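In structure tokens form, the structure reads like this:
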């Protein structure tokens with residue numbers, strides 16, 4: 001890249017890392033200087049002015065939609081969308097896909113240092129990280145299937161004032177602009193984005209901050225309403241617990257909600273509120289040994305036995321076993337990630353070495369097996385889900401390493417695509 005001019009060093013919008021702005025101070029900290037007028041090298045001034053003229057909406061979704069349309073037209077891309085990087089809540093959010101506002105935004109929580117690691121400070125320059133965070137990549141995969149084409153990602157950075165330090169600012173990524181199958185080169189795209197957001201970013205950030213503040217106020221108001229209801233039930237524990245779970249179910253839009261308390265004397269989990277019904281309203285409370293619930297769940301997955309078979313093994317009712325399996329599944333689904341990490345090259349080599357040392361089976365990266373999951377026959381599916389055991393099912397296929405750890409899982413394939421159908425490549 002050619003040597004930066006004085007105008008580039010003092011741009012209205014702090015130049016993103018792809019332009020490698022020189023820093024006056026060590027670290028990502030800048031002093032506020034007098035900012036002269038800047039020039040447009042790629043963008044059409046009339047187009048930029050028309051875009052800024054139309055950015056009058058009070059909704060960030062509408063603003064993003066208009067900017068997406070402009071960038072798509074200027075870069076000749078198939079699709080353009082923005083990933084919001086929220087530093088307060090540590091989230092990455094997609095609200096708009098090109099010109100479609102999503103009914104339910106795609107969001108993923110981020111680690112504490114994820115946003116800060118997108119941009120690095122090296123040799124007095126701002127540069128992008130070499131790899132994208134797996135959670136952000138997973139968020140992109142939700143909206144852009146793999147194999148759709150080339151994706152160009154341009155980060156947008158903004159200056160945020162350092163607390164207790166007047167006239168001192170720190171760089172922070174606020175957006176990732178994604179272009180799918182653009183006909184323009186990366187230099188053109190990055191320069192266009194830089195020039196566009198030089199004039200649009202302030203409007204976008206101010207609107208987003210206003211919406212976030214309004215959302216937090218609404219959440220606080222909801223919590224205060226819940227607290228007011230709970231304080232009115234402090235006289236009776238059963239009523240209080242039932243009211244807590246009722247409010248939790250309402251706030252989370254859950255169909256059912258249960259609350260188990262640990263009985264330390266007998267080491268039992270006691271269902272004080274089970275599917276929204278308190279134990280005082282039931283003829284018999286549900287009690288489960290602390291270590292028995294997870295054992296029932298794993299036994300059900302490992303053996304494939306019916307609830308009728310498991311009731312004799314664990315001496316539980318069929319309904320209790322059904323509740324246990326369902327609740328443990330919900331807990332695992334809510335607490336763990338939905339994507340499995342792809343092993344690195346070193347991990348693949350370690351898996352192969354372990355197979356060779358443990359089983360004398362060289363060059364093996366995993367053991368494949370499948371299981372038929374019984375389902376109700378889908379409409380108009382013919383015999384696609386009919387297996388050789390003469391019932392309808394889908395295939396749960398998994399790959400494990402030499403220590404029986406899952407490294408790949410696939411659910412939902414037709415029954416004919418079982419493990420016996422896989423061939424060596």
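Residue numbers (the UniProt record's numbering): 1 to 425. The beta carbon of each residue, even a glycine, is placed where N, CA and C say it ideally should be. None of the values given here were measured: they were computed from a predicted structure.
In the pairwise beta carbon analysis, the segment 58-71 is classified as touching the segment 89-97: at least three pairs are separated by under 8 Å. In the DSSP assignment, residue 104 falls outside any alpha helix (DSSP H) and lies within the beta strand (DSSP E) extending over 100-109. Between residue 394 and residue 375 the beta-carbon gap is near 6 Å, inside 8 Å, which marks them as a contact.
Inclusion of residue 174 and residue 85 in the CB contact set at 8 Å is warranted, their separation being smaller than that value. For residue 47, the uninterrupted alpha helix (DSSP H) run begins and ends at 45-54, by DSSP. Annotated three-state conformation of residue 176 is strand, per DSSP.
The secondary-structure analysis by DSSP pairs residue 155 across a beta bridge with 176.
Residue range 134-143 is occupied by the alpha helix (DSSP H) that includes residue 143.
Contact annotation, residue 400 with residue 370: C-beta distance approximately 12 Å; criterion of less than 8 Å not satisfied.
DSSP, reduced to helix, strand and coil, places residue 374 within a strand of the structure shown. With a 10 Å radius around the Cβ and a threshold of 16 neighbouring Cβ atoms, residue 146 comes out exposed. Distances from the alpha-carbon of residue 406 to those of 118, 358, 342 and 392 put 342 closest.
Per DSSP, residue 316 lies in no alpha helix (DSSP H) segment and is marked neither H nor E. Distance from the CA atom of residue 311 to the CA atom of residue 372, rounded to whole angstroms, is 22 Å. Annotation for residue 358: 402 place their beta carbon closer than 6 Å to its own, counting only its chain and skipping 5 residues before and after.
In the DSSP assignment, residue 84 falls within the beta strand (DSSP E) that extends over 79-86. For residue 408, the three-state secondary structure derived from DSSP is strand.
Here residue 107 has 91 and 93 as same chain residues with Cβ atoms under 6 Å from its own Cβ, once five neighbours each way along the sequence are excluded.
Within the DSSP bridge table, the entry for residue 393 names 374 as partners. By the beta-carbon neighbour count (other beta carbons within 10 angstroms, threshold 16), residue 197 is buried. A direct Cα-Cα distance of roughly 28 Å separates residue 387 from residue 330. With respect to the C-alpha of residue 42, the residue from 185, 361, 105 and 111 having the closest C-alpha is 185. Of the other Cβ atoms in all chains shown, fewer than 16 fall within 10 Å of the Cβ of residue 73; this residue is therefore exposed. In the DSSP annotation of this structure, the continuous segment of the alpha helix (DSSP H) that includes residue 347 starts and ends at 345-359.
Exclusion of the five residues before and after residue 78 leaves 180 and 181 as the residues of its chain whose Cβ lies within less than 6 Å of its Cβ. With fewer than 16 other Cβ atoms from the protein chains shown falling within 10 Å of its own Cβ, residue 411 counts as exposed. By the C-beta density criterion, residue 87 is exposed, having fewer than 16 other C-beta atoms within 10 angstroms. With a contact defined as Cβ atoms closer than 8 Å, residue 200 and residue 71 miss out at about 10 Å.
DSSP, reduced to helix, strand and coil, places residue 192 within a helical segment of the structure shown. If you draw a 10 Å sphere on the C-beta of residue 176, you find 16 or more other C-beta atoms in it, and that means buried.
Less than 8 Å divides the Cβ of residue 318 from the Cβ of residue 308. Under the DSSP definition of a beta bridge, residue 91 partners with 86 and 109.
In the structure shown, the three-state DSSP call for residue 97 is strand. Shortest Cα-Cα distance from residue 68 to any of 190, 354 and 82 involves 82.
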